[in-house]
Amino acid sequence: MRIDGLQYANWSEKIFRQLREGGVDAVHVTIAYHETFRETVLNFERWNRWFEQYPDLIMKGQWVSDVDKARETGRTAIFFGFQNPSPMEDDIGLIEILHTLGARFMQLTYNNQSLLATGCYESEDTGITRMGRQVIKEMNRVGLVIDMSHSADRSTIEAADLSGRPIAITHANPYDWAPALRNKKDDVIRAVTENGGMFGFSIYPHHLKNKSECTLQEFCEMIARCADRFGVDNLGIGSDLCQDQPDTIVEWMRVGRWTKDIDYGEGSADKPGFPEMPTWFRDNRDFGTLESGLRAVGMSETESAAILGGNWHRFYAANFTPLVNG
113 MRIDGLQYAN WSEKIFRQLR EGGVDAVHVT IAYHETFRET VLNFERWNRW FEQYPDLIMK
173 GQWVSDVDKA RETGRTAIFF GFQNPSPMED DIGLIEILHT LGARFMQLTY NNQSLLATGC
233 YESEDTGITR MGRQVIKEMN RVGLVIDMSH SADRSTIEAA DLSGRPIAIT HANPYDWAPA
293 LRNKKDDVIR AVTENGGMFG FSIYPHHLKN KSECTLQEFC EMIARCADRF GVDNLGIGSD
353 LCQDQPDTIV EWMRVGRWTK DIDYGEGSAD KPGFPEMPTW FRDNRDFGTL ESGLRAVGMS
413 ETESAAILGG NWHRFYAANF TPLVNG
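Residue numbers (the numbering used here): 113 to 438.
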């Protein structure tokens, strides 16, 4: 079983076919960065058209049973998520509507301070806000997973503590391995995983040691060390693959509507666009390479299978459904 904890590709028939060639059974797909509620609904609608056009390749994912159905029928289940709480605007009542439409993950921040929490690019981390506490309760109730990938340390630790259900960091790496603002310190990772949450390893070059030059061995050795440190059961892949996206998209991701200035985020003025992916992971057909890499650094077949999909499968089963007594 292979499940990717996050991608933001420029979706096409080519990529859908590559998902199948790579044996990817399910993928969490970003459908909102800075979009409003209505704009997000239009993104759901666009995916509905793709499900109609390519029913032999992809299907909508809502429950863990959809992963199993996709495997049985040779397709990939597509699960939706937001990298920013902007789709709920300032209305807690929209959370249940978004879950009903198919959302299964929502980040409380995207780099900046939000109405809910503090982003990892802010100089001061004030933690979860009053509204954030209420939103966490509502997300728990309906089965919308709290994702803290772009949040600051205190906010993430508080979210893990406040949430009645496990949370996720879908795409990041350890800070002590690659000291990027987006990567996570040990106490943050531990706060998430000790409460049953998931940590997904990112292959986005700005999150990697030596960036695009990071080797497969370096990446897999890092995962093996994390398995020793935090336990293997709450680790997965969240590749953050942005395949075929034009550089205008990374500008939208970084700038959105919050500034008139150019913000380079993890890039720089001389390298403002998407970084080049490492040679060992260009697209979804390279998931087999990841499996080989994990085995080569001493991880067992069972451990590798857990990281490549089994752990996400168990997490989906426990966290996508509404609470019975809501």
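Beta carbons are placed, not taken as given, at the ideal position from N, Cα and C, and that holds for glycine.
Looking from the CA of ASP202, the closest CA among MET243, GLY385, SER263 belongs to MET243. Counting only runs of 4+ residues, the alpha helix (DSSP H) found wholly inside the segment 244-316 occupies 265-274, 298-305, in chain order. In the structure shown, ALA144 adopts extended strand secondary structure according to DSSP, grouped into three states.
Looking from the CA of ILE269, the closest CA among LYS297, THR188, LEU227 belongs to LYS297. Non-local beta-carbon contacts of ARG132 in its own chain, meaning distances under 8 Å to residues more than five positions away in sequence, involve LEU169, GLY186, ARG187, THR188 in chain order.
For THR401, the secondary structure class from DSSP, reduced to helix, strand or coil, is helix. Within the same chain, Cβ atoms closer than 7 Å to the Cβ of GLN225 are found at GLY231, GLU234, the five residues on either side in sequence being excluded.
DSSP places SER177 within a helical segment (H, G or I) once states are collapsed to three. The three-state secondary structure of GLY193, taken from DSSP, is strand. Excluding five sequence positions before and after MET200, the CB atoms of its chain that fall closer than 6 Å to its own CB belong to LEU206, ILE207, given in chain order.
Beta-bridge analysis with DSSP links ASP116 to VAL139, ILE349. The segment 323-330 and the segment 385-393 touch, with no fewer than 3 CB-CB distances between them shorter than 8 Å. Distance between PHE342 and ARG302, taken at the CA atoms: about 7 Å. Its Cα nearest to that of PRO317, the residue PHE331 stands out among MET310, PHE331, ASN307.
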